[in-house]
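Residue numbers (the working numbering): 3 to 316. Every residue, glycine too, gets a C-beta built ideally from N, C-alpha and C. For reference, the structure discussed in these notes is given below.
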């Protein structure tokens, strides 16, 4: 009598191979460092929605970033740079799109172990946007891009920073905006800005890598890339991924029929998903590392506080 054939093993992906839960991860991290008051993230049930007023081929598009212009006197800001609070900015700014700007992300909490800090196309898709204009996919780019501060104060973002960016966009006759955040707080700030822009009649899409933060806040449209923080627009040194993700963002602008529409990019970071276990994971730190990181966090807080007081006075 023949023996029954055992069913083939079902091969599931590892449990951790899912979008990183950054709100939970950062909460556990800072509690583990000894901070007793967990951060309360912005959360809305509803989201505004501004449909395209005209085809993208007749629209003016703007890029909004949380990256900072390079400042040579502010210390290391290039590849491999440690968290550099001295390079932070606390006032919205605008820069020319006439040539590719030198933007850096050393001032925010990206994934320094896995992200690439040398290819700015990962966090500012300048070349992809230029290609979209040259091909006629969009009518024109705004003459300026806009810099949004990564502000822990949600009230400041909503009442001061967002109106300033909206005024710049309106002055430049912007129809649609692509928002690219970097760190966890960057994702919240850009989400709040997306809501404000849509309420002002400007259609938006957030190119994000922290899915939970953006969806918790509630935005009209999000293109989610399951990449380490600091690479929301593309994989480093990968022109194909730049073009793919930017085109997906444009398609989402065209196809979304209502708010809270999320599209996930089919691209993956690499074949090994274990990078998702590293960012701010208190469970993977030794007691000695916790002590060192608490001291570093305090130094960053003091530097950022002094810069904020000097810049905005509070």
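- Here residue 73 carries a coil assignment [DSSP, helix/strand/coil].
- Taking one beta carbon from each stretch, the region 74 to 81 and the region 193 to 205 have fewer than 3 pairs nearer than 8 Å; the two do not touch.
- Comparing alpha carbon positions, the residue from 51, 192 and 13 closest to residue 44 is 192.
- Taken through DSSP and simplified to helix, strand or coil, residue 31 comes out as helix.
- For a cut-off of 8 Å, the C-beta gap from residue 121 to residue 239 is around 5 Å, short enough to register as a contact.
- Bounds of the alpha helix (DSSP H) holding residue 248 are 241 to 257.
- The residues 225, 265 and 267, in chain order, have a CB closer than 7 Å to that of residue 250 in the same chain once the five nearest residues on each side in sequence are set aside.
- Cβ contact annotation for residue 147 (same chain, cutoff 6 Å, sequence separation greater than five): 65, 97 and 99, in chain order.
- The region 145 to 160 and the region 272 to 281 do not touch, with fewer than three beta-carbon pairs separated by less than 8 Å.
- Rounded to whole angstroms, residue 163 and residue 62 show a C-alpha spacing of 22 Å.
- Contact annotation: residue 205 and residue 143 have beta-carbon atoms that are not nearer than 8 Å.
- Boundaries around residue 195 are those of the alpha helix (DSSP H), 186 to 201, since no beta strand (DSSP E) includes it.
- Comparing C-alpha distances from residue 109 to each of 248, 207, 188 and 176 shows the shortest one belongs to 188.
- A straight line joining the alpha-carbon of residue 103 with that of residue 132 spans about 13 Å.
- Within the region 88 to 123, the runs of beta strand (DSSP E) that reach at least 3 residues and sit entirely inside it are, in chain order, 95 to 98.
- It is roughly 39 Å from the alpha-carbon of residue 301 to the alpha-carbon of residue 263.
- For residue 279, there is no enclosing alpha helix (DSSP H), as DSSP gives it neither H nor E.
- Taking the CA atoms as reference points, residue 27 sits about 13 Å from residue 18.
- With contacts defined as CB atoms closer than 8 Å, residue 177 and residue 55 qualify as a contacting pair.
- Note that the C-beta distance between residue 167 and residue 194 is not below 8 Å.
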